[in-house]
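Student:
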Amino acid sequence: MKRGNVMNGASSGIGGDWLRVHRRSPAAPLQLACFPHAGGGASFFRRWADILPAEVELVAVQYPGREDRIDDALIPEIGELARTAADALRNGVRRRIALFGHSMGATLAFETARLLERSGIAVSHLFLSGQTPPHRHRATHFHLQSDEDLLDEVRRLAATPMEIFDIAEIRQLLLPVIRSDYRAIETYRADDTGRLLCPITVMLADADTEVSLDEAGGWARHSHGRTTIRTFTGSHFYLVERWRDVVAAILADLGCAHPPSSGWPSTP
Numbered sequence: 001m002k003r004g005n006v007m008n009g010a011s012s013g014i015g016g017d018w019l020r021v022h023r024r025s026p027a028a029p030l031q032l033a034c035f036p037h038a039g040g041g042a043s044f045f046r047r048w049a050d051i052l053p054a055e056v057e058l059v060a061v062q063y064p065g066r067e068d069r070i071d072d073a074l075i076p077e078i079g080e081l082a083r084t085a086a087d088a089l090r091n092g093v094r095r096r097i098a099l100f101g102h103s104m105g106a107t108l109a110f111e112t113a114r115l116l117e118r119s120g121i122a123v124s125h126l127f128l129s130g131q132t133p134p135h136r137h138r139a140t141h142f143h144l145q146s147d148e149d150l151l152d153e154v155r156r157l158a159a160t161p162m163e164i165f166d167i168a169e170i171r172q173l174l175l176p177v178i179r180s181d182y183r184a185i186e187t188y189r190a191d192d193t194g195r196l197l198c199p200i201t202v203m204l205a206d207a208d209t210e211v212s213l214d215e216a217g218g219w220a221r222h223s224h225g226r227t228t229i230r231t232f233t234g235s236h237f238y239l240v241e242r243w244r245d246v247v248a249a250i251l252a253d254l255g256c257a258h259p260p261s262s263g264w265p266s267t268p
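Put into structure tokens, the structure is as follows:
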């Protein structure tokens, strides 16, 4: 049975199953497309719509196998996920477009930006959060390990409230999604066929063990545009608590009016 999309925003229509519109603004000059982390869904970005200005339309990419796409087959491959996301976004582009992704979502946003630019669509800005660049990819194999070992990794990153895994039905639903996403990012190998044209903002937390400041700076080699690094307080999922600051930083780099934040991130 398909789930409704009340929590996830309305389907975009143009983007079909792949896009959820959290803030519909047909006249907005800019569309911000967001890519969730491994195991995450489009609803992760829902509250961002509450503080975005009218000049920004917010959409989130909904990967298959979760939330209202729970019956759709999982795709454990970054290239295929990016191609399908790019097709959905390409069909709906009538304005400036910027992309944001966190962790696995950052890698997907990067690959999607490459595909969009190759097809002649200019990307205004690419925001990459909590992820190393392709040439600094860290080799891990959690997707091949036991359920308990995989859950230990999820627990370490504090990606999901662990109590939900005590419920057998939810555990049965979520573990295949997490394993598939880990397979996608752990088997990802980028080709080196060209650099982006768009500017990049790299976001990371000061206590995140998944990406260092030195690694974050490595994203500069993947774009001819300017690369800016913004550092926030927190660990890998800093944006759960600091989401207002993240949105404010995005809007500032896009040249839009931004809401008050609880503390401005540093820019090395």
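Each step along the sequence shown adds one to the number in the UniProt record's numbering, with nothing skipped, and position 121 is 121. Every residue gets a Cβ at the ideal spot worked out from N, C-alpha and C, and that includes glycine.
The beta strand (DSSP E) spanning A205 covers which residue range?
Tutor: A205 -> beta strand (DSSP E) spans 200-205.
Student: How many angstroms separate the CA atom of R83 from the CA atom of R90?
Tutor: Between R83 and R90, the C-alpha separation is close to 10 Å.
Student: Here's the rule: buried if 16 or more other CB atoms are within 10 angstroms of the residue's CB, otherwise exposed. What is E67?
Tutor: Buried: at least 16 other Cβ atoms inside 10 Å.
Student: Report the residue from R244, R69, C256 whose alpha carbon sits nearest the alpha carbon of F45.
Tutor: Cα-wise, what sits closest to F45 is R244.
Student: Taking the alpha-carbon of D50 as reference, which of I178, A139, R24, I164 has the nearest alpha-carbon?
Tutor: Taking only the C-alpha atoms, the option nearest D50 is R24.
Student: In the DSSP assignment, find the unbroken beta strand (DSSP E) run with V123 in it and report its ends.
Tutor: Per DSSP, V123 belongs to the beta strand (DSSP E) from 123-129.
Student: Between the stretch 229-246 and the stretch 201-208, do three or more beta carbon pairs fall short of 8 Å?
Tutor: Touching, yes, given that three or more Cβ pairs across the two stretches are closer than 8 Å.
Student: Using the Cα positions of I167 and I70, report the straight-line distance between them to the nearest angstrom.
Tutor: Approximately 17 Å, taken between the alpha carbons.
Student: Indicate the three-state DSSP secondary structure (helix, strand or coil) for V93 in the structure shown.
Tutor: It is coil, neither helix nor strand.
Student: Going by C-alpha to C-alpha distance, which of H22, L116, A33, Y188 sits closest to A139?
Tutor: The option with the nearest alpha carbon to A139 is Y188.
Student: Which stretch, first to last residue, makes up the beta strand (DSSP E) that contains Q62?
Tutor: Looking at the DSSP string, Q62 is not in any beta strand (DSSP E), and its letter there is neither H nor E.
Student: May I ask you to report which of helix, strand or coil DSSP gives S25?
Tutor: Coil at S25, not helix or strand.
Student: Starting from H102, follow its DSSP beta bridges and name the residues at the other end.
Tutor: S129, per the DSSP bridge assignment.
Student: What are the start and end residues of each continuous beta strand (DSSP E) run of 3 or more residues lying completely inside the stretch 182-258, in chain order?
Tutor: For the stretch 182-258, whole beta strand (DSSP E) runs of length 3 or above, ordered along the chain, are 200-205, 227-232.
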